[in-house]
Every structure is written in C-alpha cells, then in structure tokens.
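Reading through the structure tokens given below for one structure.
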Amino acid sequence: MYYLGIDIGSLSCDAVLINEAKEVLSSSVIPTGAKNIEAIARVKKEVFENSGISESDLKAIVSTGYGRNRVEEKLTSVTEITCHARGISETFKGTEVLVDIGGQDSKAILLDEDGKVADFAMNDKCAAGTGRFLEAMARALQVDIEELANLDEGAMKGLTLSSMCTVFAESEVVSLIANGTEINEIVNGMNRAIASRTLSLVKRVKQDINGSKISMSGGVGRNHGVVRALSEALKCEINVPEKPDTIGALGAALIALERS
Ligand SMILES: Nc1ncnc2c1ncn2[C@@H]1O[C@H](COP(=O)(O)OP(=O)(O)OP(=O)(O)O)[C@@H](O)[C@H]1O
Ligand SMILES: [Mg+2]
Numbered sequence: 106m107y108y109l110g111i112d113i114g115s116l117s118c119d120a121v122l123i124n125e126a127k128e129v130l131s132s133s134v135i136p137t138g139a140k141n142i143e144a145i146a147r148v149k150k151e152v153f154e155n156s157g158i159s160e161s162d163l164k165a166i167v168s169t170g171y172g173r174n175r176v177e178e179k180l181t182s183v184t185e186i187t188c189h190a191r192g193i194s195e196t197f198k199g200t201e202v203l204v205d206i207g208g209q210d211s212k213a214i215l216l217d218e219d220g221k222v223a224d225f226a227m228n229d230k231c232a233a234g235t236g237r238f239l240e241a242m243a244r245a246l247q248v249d250i251e252e253l254a255n256l257d258e259g260a261m262k263g264l265t266l267s268s269m270c271t272v273f274a275e276s277e278v279v280s281l282i283a284n285g286t287e288i289n290e291i292v293n294g295m296n297r298a299i300a301s302r303t304l305s306l307v308k309r310v311k312q313d314i315n316g317s318k319i320s321m322s323g324g325v326g327r328n329h330g331v332v333r334a335l336s337e338a339l340k341c342e343i344n345v346p347e348k349p350d351t352i353g354a355l356g357a358a359l360i361a362l363e364r365s
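Numbering (our numbering), first residue to last: 106 to 365.
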C-alpha cells in the first residue's frame, strides 16, 4: 500500500508518494497557479506516472498548505507547521530548529527531542523575507529566480538594503542599478536582509542557537545565496534537503501512513 502527501502552497503544489517502509517513490513540484483543483489533479497525475504506481493502490492522502481543504479525497488535512516538522525530522533526525521559507510566509519552528513542534514564530503579514520578495527582486534585476540564487558570488562590500518592504526594496534596487552598483553586491544585500529577518524569527523560538542543529525547508532552500547568508547570520551550518520544497508533502505522506 502507498501513501500520498500533497502540499498546496501559495506558489508551488508539491506531492510525495511513499510506501509502507517510508521510502519516497516519487515526488513532484508544480506551480499552484490560480486553479487549485487543476494543480492538485496535475501533481497527482505526475507523481503516479513517475512512480508507475496506480492510484487504486493508494491507502490514504493527507493534505497540507493553504489550499489543503481543496483536496476532496483526503483522509485528513494537517497544518503546514506539523507537516514540515514531521518531514524534516525524518530527513535530518535531531533537528532542533527548522526554518521554512516559502512563497508567502517564513517560519521558525522549534522541535522537541521526538521531533514534535514545541513552539513556532511566523511572519505571514507581508512579503518581506519570503520567496515572493525574492521573486520581485529577480524581476527588478531581470533575471530568473534560479539565476538569482548564485548571483551574489564574489560580493565584498556588505551592502545593506535599507528597506525590507518589497515595494520599497524594489525601488531601492532600481536606484542601485541606476547608480552602477554591481548586481552581485545588490543580491548579497537582499540575501543578508532576508537572513537578518530570519535570524530574529529563530531567536524568538530559541535564544541560544550556539551548537543547535538547524535545518531548512521550503523553496527558498534552493537559493544557495540565501542559505549562505543565513548560515553566516546564524553562525552555524544549515542542513538543506535535496528537495526542500517537498518537505511539507513528505511530512503529510508520513502522517497519512501513521494515521491509517
Ligand atoms: N530553483 C530555485 N532556485 C531558487 N529559488 C527557488 C527555486 N525554486 C523555488 N525557489 C524559491 O522558492 C519560493 C517558493 O517556495 P515554496 O515552493 O516552498 O512556496 P509555497 O510552499 O508555495 O509557499 P507558502 O508555503 O508560503 O504558501 C519561490 O518564491 C522562490 O523564491
Ligand atoms: Mg509551503
């Protein structure tokens, strides 16, 4: 029997299919777009096609993410915080603090010794420090989001963006470009701005992070520049899964198995 986790986020719709032994058989990440139901159908189709498993062999589906109630055939729906925590403690056992930076919010989640959520802090009021902020900056710099992830290389000046508000930061980036500031310095400045904002979120759940095991989930984990800046701000290494945006769906799949 097989178990499916679906995470319908604001930007990406992710699915992970596992077996009884908790092994991942396939995973898929597609844009959520404006039509949740269509995205859910597409991500399911992809995940079954990639694994060669038929949907009739599925025992249970658990959904998560902001669109979690749109999955009609679910066993249950579970919050993103619980699912990301479950997914990361399977991937990096002993994680103490999980940083999840997705499209529209960022969270620091404190885990206990059993990988359960002990506390969390969240920024969901504005785009500052989230994937959407990075997407707006990529647009201002006329680069792809994938390209943006490596553009800070060689930056030396330690430039700081004065505003984290997406609208103000975008116009600041436009003036920096007009002043001839190199792109790597600008990108480094925005990565450091995200890192410092995330550091305050982490401090809200754990004052002393010295020596703590810190992991990251969410699509922004694919942005090496942000991960590097965050690692410098936290003064420690960060464990990033190979597919950070699928951690919520992985957690949902594991919960589907455990609750069936
Ligand atoms: N290949 C990539 N390189 C760099 N950054 C990426 C890449 N893929 C995704 N991202 C970043 O990840 C963000 C989306 O993250 P994610 O898929 O976790 O969002 P989400 O789960 O839909 O959002 P939320 O949980 O806030 O509803 C994008 O805004 C982008 O900044
Ligand atoms: Mg998400």
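Yeah, the Cβ is synthetic: ideal placement off N, Cα and C, and Gly gets one too. All values derive from a computational prediction rather than experimental measurement.
Here PRO136 carries a strand assignment [DSSP, helix/strand/coil]. In the DSSP assignment, MET242 falls within the alpha helix (DSSP H) that extends over 236 to 246.
Beta bridge pairing from DSSP links THR169 with ASP112. DSSP lists no beta-bridge partner residue for MET261. Rounded to the nearest angstrom, the gap between the Cα atoms of SER267 and ALA233 is 12 Å. Under DSSP, no beta-bridge partner is assigned to SER365. No heavy atom of ligand 2 is found nearer than 7 Å to the CB of GLU251.
With a 10 Å radius around the Cβ and a threshold of 16 neighbouring Cβ atoms, PHE153 comes out buried.
Counting along the chain, VAL152 sits inside the alpha helix (DSSP H) bounded by residues 141 to 156. Ligand 1 approaches ARG237 closely enough that one of its heavy atoms is under 7 Å from the residue's Cβ.
Judged by DSSP in its simplified three-state form, PHE273 adopts helix. Judged by their CB atoms, GLY157 and ALA354 are not nearer to each other than the 8 Å cut-off. Here ALA126 is exposed: its Cβ has fewer than 16 other Cβ atoms, across all protein chains shown, within 10 Å.
Under DSSP, THR303 takes part in no beta bridge, so it has no partner. Counting only residues of its own chain and dropping the five nearest sequence neighbours on each side, ARG309 has a CB closer than 6 Å to the CB of ALA226. For ligand 1, a non-hydrogen atom lies closer than 7 Å to the CB of GLU240. Rounded to the nearest angstrom, the Cβ distance from ASP350 to VAL167 is 17 Å, too far for a contact under 8 Å. A distance criterion of 7 Å places the beta-carbon of ASP229 beyond contact range of ligand 2, judged by its closest non-hydrogen atom. In the DSSP assignment, LEU339 falls within the unbroken alpha helix (DSSP H) covering 329 to 339. Here the alpha carbons of GLY259 and GLY324 stand approximately 24 Å from one another. In the DSSP annotation of this structure, the continuous segment of the beta strand (DSSP E) that includes SER117 starts and ends at 117 to 124. Excluding the 5 residues flanking it on each side, LEU163 has same chain C-beta neighbours closer than 7 Å at TYR107 and LEU109, in chain order. Secondary structure of LYS308 (DSSP, three-state): helix. Linking GLY170 to CYS270 through their CA atoms gives a straight-line distance of about 24 Å.
Between SER301 and the set ARG327, ALA338, SER322 and GLU287, the nearest pair of CA atoms involves ALA338. At the C-beta level, VAL222 and THR187 come within 8 Å of one another. LEU246 is not a Cβ neighbour of VAL204, given a cutoff of 8 Å.
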